[in-house]
Amino acid sequence: MRLLVTGGAGYVGGFSARRLLAAGHEVTVIDDLSEGHRGAVPEDVLEIMNLADTAGVTRILSERRIEGVLHFAASTYVGVSVEDPRRYYRNNVANSLSLLEAMLDAQVHRIVFSSTCATYGETASMPLDEGAPLNPGSPYAFSKMMIEQMIRDFSRAYGLRFALLRYFNAAGGASDGSHGEDHRPETHLIPLILQILLGKRDRLMVFGDDYSTPDGTCIRDYVHVEDLAGAHELAIEKTATGEPGGEAFNMGTGQGHSVLEVIRSVERVTGRKVPYEVKARRPGDTARLVASSEKAHRQLGWQLAYPELDQVVESAWEWHRQHLEGYGD
């Protein structure tokens, strides 16, 4: 297939673009490199462009006879979205509208969208399935929910075929250490811990040890980035046939791990002790977020290659210890 990957120089987008290339697809990546990295994808597939350039995106879709789009491009920091919602609604919602308009102009009718479990917000139901009510708690989460709704509306009106993939906690790196996570600033738990062991931080701050969980710390579902890339490949293939419309799918392992369990996993994998300090809870953190991904297994045929937390941590450690400065750009 001839595919366009937006935000393909980012973390999950980069892994997905490389997987699609390895599978023999013709891939074009659009990324403005505001958060992505040149080294995340082959240079010859990268077009440096912002999705606000509707005419430019339309030209690429038309000239390269693109058959489907995988849409990752977005701003993703929850806290920043609260401080600067204008940026998030413009970059996420308005630019996604621009992409959808370009797709219509170029007569491209297939899209897989990178969404998030943050659209669910606070809920007592665990593990979460796709029928749980959406209750976003930040401008970032609202922006993702709005894009989901735009895609559904465009599908009804213009015949799009789509899949909405709601990630839980993406983590890990390539098994050979060649690619991995490089966010600036870094906010994800596993790389934060590994940076301590590599001398880039003094200690980990554990926010809250009084939650209603077995050890009092928050529980999250950590899904390997290569498993997410595999889900995107399956999802875009699913949109090749059938009637207009689509589904939302949760992307997780179904296994929750607490902050302290992640620390212990890192200690097992690296053989080193992790210093940490317990602080007060952060506003907005929920006690537990765990996915039910049965729908993805059943309808997409998705299978996990990295079901265990130690596998995820080991692959992340390979990347970080070999790339102390990430991609170096």
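For any residue, its number in the working numbering is found by taking its place in the sequence shown, counting from 1, and adding 5. Backbone N, C-alpha and C define an ideal beta-carbon position, used for all residues, glycine too.
*By a C-beta neighbour count over all protein chains shown, 10 Å radius and 16 as the cutoff for buried, is Pro132 buried or exposed?*
For the purposes of this step, residue 132 is identified with residue 127 of the sequence shown, where counting begins at 1. The residue in question, Pro132, is buried, as its Cβ has 16 or more Cβ neighbours within 10 Å.
*Would you call the stretch 229-240 and the stretch 265-281 touching, i.e. three or more CB-CB distances under 8 Å?*
no
*Which whole-angstrom value describes the C-beta separation of His229 and Ala179, a residue pair presumed to lie in contact below a C-beta threshold of 8 Å?*
Taking the first residue of the sequence shown as position 1, residue 229 is located at position 224. Taking the first residue of the sequence shown as position 1, residue 179 is located at position 174. Going by Cβ atoms, the distance from His229 to Ala179 rounds to 10 Å, so no, they are not a contact pair.
*Closest Cα partner of Asp110 within the set Arg91, Leu165, Val98, Pro138*: By one-based count along the sequence shown, residue 110 stands at place 105. Answer by Cα proximity: Leu165.
*Counting along the chain, where does the alpha helix (DSSP H) carrying Leu202 start and finish?*
If you number the sequence shown from 1, residue 202 lands on position 197. Per DSSP, Leu202 belongs to the alpha helix (DSSP H) from 194-202.
*Which of helix, strand or coil does DSSP assign to His262?*
In the sequence shown, residue 262 corresponds to position 257, counting from 1. Residue state, collapsed to three classes: strand.
*asked:* Can you find the residues in the same chain that come closer than 7 Å, C-beta to C-beta, to Val318, ignoring five residues on each side of it along the sequence?
replied: Start at 1 with the first residue of the sequence shown, and residue 318 comes out as number 313. Within the same chain, Val318 has close Cβ partners Ile195, Ser270, Val271, Val274.
*asked:* Quick test of your reading: Glu40 and Gly15, contact by CB under 8 Å. State the CB separation rounded to the nearest angstrom.
replied: For the purposes of this step, residue 40 is taken as residue 35 along the sequence shown, with counting starting at 1. For the purposes of this step, residue 15 is taken as residue 10 along the sequence shown, with counting starting at 1. Correct: roughly 6 Å between the Cβ atoms.
*Anyone know if the C-beta pair for Gly221 and Asp290 falls short of 9 Å?*
Translated into the one-based positions of the sequence shown, residue 221 becomes position 216. Translated into the one-based positions of the sequence shown, residue 290 becomes position 285. Going by C-beta atoms, Gly221 is not nearer than 9 Å to Asp290.
*According to the Cβ coordinates, are Ser298 and Trp307 closer than 9 Å?*
Start at 1 with the first residue of the sequence shown, and residue 298 comes out as number 293. Start at 1 with the first residue of the sequence shown, and residue 307 comes out as number 302. In this structure, Trp307 lies closer than 9 Å to Ser298 by Cβ.
*asked:* At the level of alpha carbons, what is the spacing between Ile71 and Gly84?
replied: Counting from 1 along the sequence shown, the entry for residue 71 is found at position 66. Counting from 1 along the sequence shown, the entry for residue 84 is found at position 79. Cα to Cα, Ile71 sits roughly 35 Å from Gly84.
*Would you check if there are 3 or more beta carbon pairs closer than 8 Å linking the stretch 203-219 to the stretch 133-152?*
no
*Report the rounded CA-to-CA distance for Phe77 versus Leu265, giving the unit in angstroms.*
Indexing the sequence shown from 1 puts residue 77 at position 72. Indexing the sequence shown from 1 puts residue 265 at position 260. Taking the straight line joining both Cα atoms gives about 30 Å.
*How about Ala310 and Asp232: do their beta carbons lie closer than 9 Å?*
Working through the sequence shown from its first residue, we reach residue 310 at position 305. Working through the sequence shown from its first residue, we reach residue 232 at position 227. Contact: yes.
*asked:* Helix, strand or coil, according to DSSP, for Gly250 in the structure here?
replied: In the sequence shown, residue 250 corresponds to position 245, counting from 1. Strand.
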